[in-house]
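Following: one structure in structure tokens, then a few remarks.
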Amino acid sequence: MCTSLTFTTEHTYFGRNLDLEYHFGQQVVITPRNYPFSFRAMPALEKHHAIIGMATVAEGYPLYAEGVNEKGLYMAGLNFPGNACYPCGPENGTPAAPYELIPWLLGTCDSVDQAEEKLRSVRILDTPFAPNMPNAPLHWHLADGRRALVAEPMADGLKLFEDPVGVLTNNPTFNFHLTNLNQYMGLSAAQPDNRFGGVELRPFGQGMGTLGLPGDWSPASRFVRAAFLKWNSACQGDQASSVSQVFHILDAVAMPRGAVRTPEGKWDITDYSCCIDGRTGTYYYKTYDNSQITAVPMDEAKREGAALICHPLVTEQQFRIVP
1 MCTSLTFTTE HTYFGRNLDL EYHFGQQVVI TPRNYPFSFR AMPALEKHHA IIGMATVAEG
61 YPLYAEGVNE KGLYMAGLNF PGNACYPCGP ENGTPAAPYE LIPWLLGTCD SVDQAEEKLR
121 SVRILDTPFA PNMPNAPLHW HLADGRRALV AEPMADGLKL FEDPVGVLTN NPTFNFHLTN
181 LNQYMGLSAA QPDNRFGGVE LRPFGQGMGT LGLPGDWSPA SRFVRAAFLK WNSACQGDQA
241 SSVSQVFHIL DAVAMPRGAV RTPEGKWDIT DYSCCIDGRT GTYYYKTYDN SQITAVPMDE
301 AKREGAALIC HPLVTEQQFR IVP
């Protein structure tokens, strides 16, 4: 369960909630240009674009949940159980394991256009990182400020969808979410007009133009809610206002503990929320137990080098004490 979105004011930002019932050892990881990316069946990347994002580092390798490269290309993997199918794609295509897609595409592509070209000829393998780390069933959200794309590995091939909304959640497939959105075109941030002829009616409280906006945590409802809030967003265009607004939108689709219980009896929560500045590569995040926003910059000095730069998450609540 996750929500991903793009957000543009004076610059472009990317936001993501990771909703999960367990932790996976994640931390903010910067992969500099000279870190040697090795792949199962592709040549290694000795030099590539620098990347920043949230990852688990296993055996010295960053397994990214989402990230952005120094060119401003964003990519996130979201849960897609029951639909994701590996292997997927032409048998003679470029072979890449699911966990290799983010480093491969962010490492080599400047834009969604370039990533789309590579995805059209990729063969997604059913090869796990390790025997005890099976592949997660994923679909992917890509964006660069000009356009957004959804890639879904299905039994009948890799489906690529243009994403005019700039939002992605989970099941069902993306074409369902776009169709479902048609049911909510009448929602408005403004007060509703009285359409009952001959009956005097008036709103009795603010916000009645949004009656019918779904409030549950299902993927379809989170998609509609995030899309409505994004496209009706009103904020100033500076960095601070934009980052703050992204987190407010993500908060509106976040999962508090106790709202969603998995079939295994565990609580699904928003483990972390992040906002990435596509222009500067600064990664902002907050965790379930720490609502203070932490910023990790990816400046030029961090983009060079050959060793991963890892920042453990600040997970305990931080308070600003006013004397």
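Residue numbers for the sequence shown follow UniProt numbering, beginning at 1 and rising by one. Note that beta-carbon positions come from the ideal geometry of N, C-alpha and C, so glycine has one too.
By the 16-neighbour rule on beta-carbons within 10 angstroms, Ser121 is exposed.
At least 7 Å separates the beta-carbon of Leu158 from that of Gly107. Around the Cβ of Asp156, a 10 Å sphere holds fewer than 16 other Cβ atoms; the residue is exposed. Selection Asp110, Tyr64, Trp104 evaluated against Gly278 yields Asp110 as nearest (Cα-Cα). Around the Cβ of Phe174, a 10 Å sphere holds 16 or more other Cβ atoms; the residue is buried.
Only buried fits Cys275, as 16 or more other CB atoms lie within 10 angstroms of its CB. Taking each of Ser218, Phe223, Tyr22, Thr287 in turn and checking the Cα distance to Leu168, the smallest one comes out for Phe223. For Val29, the uninterrupted beta strand (DSSP E) run begins and ends at 27-31, by DSSP.
Under the 8 Å Cβ criterion, the segment 249-268 does not count as touching the segment 54-64, having fewer than three qualifying pairs. Per the coordinates, the alpha-carbon of Met208 lies some 18 Å from the alpha-carbon of Val199.
For Met208, the secondary structure class from DSSP, reduced to helix, strand or coil, is helix. Relative to Pro87, the option among Gly77, Met154, Leu213, Pro32 whose CA is nearest is Met154.
Here Ile52 is near Tyr283, since their CB atoms are less than 7 Å apart. The alpha-carbon separation between Leu213 and Arg225 amounts to approximately 7 Å. Partner residues in the beta bridge of Ala151, as assigned by DSSP, are Trp140, Leu160.
Ala148 sits away from Trp140, with the two beta carbons spaced by 7 Å or more. Ala76 sits in a strand when the DSSP states are folded into three classes. Pro103 and Pro203 have their C-alpha atoms spaced approximately 51 Å apart. Nearest to Arg146 by alpha-carbon distance, out of Glu162, Asn135, Pro134, Pro137, is Glu162. For Lys118, the uninterrupted alpha helix (DSSP H) run begins and ends at 112-119, by DSSP. A straight line joining the alpha-carbon of Thr8 with that of Gly166 spans about 10 Å. One thing to note: Pro219 has its Cβ within 7 Å of the Cβ of Asn171.
Pairing Gly89 with Arg33 gives a Cβ-Cβ distance that is not under 7 Å. The alpha-carbon of Thr210 is positioned some 13 Å away from that of Ala227.
In the structure shown, Lys230 falls within a helical segment according to DSSP collapsed to helix, strand and coil.
Looking at the backbone, the Cα of Gln292 and that of Phe247 are separated by about 11 Å.
Under the DSSP assignment, Glu300 falls in the alpha helix (DSSP H) whose first and last residues are 300-303. Going by C-alpha positions, Ala306 is about 20 Å away from Met42. Annotation: Phe14 to Pro323 spans about 36 Å, alpha carbon to alpha carbon.
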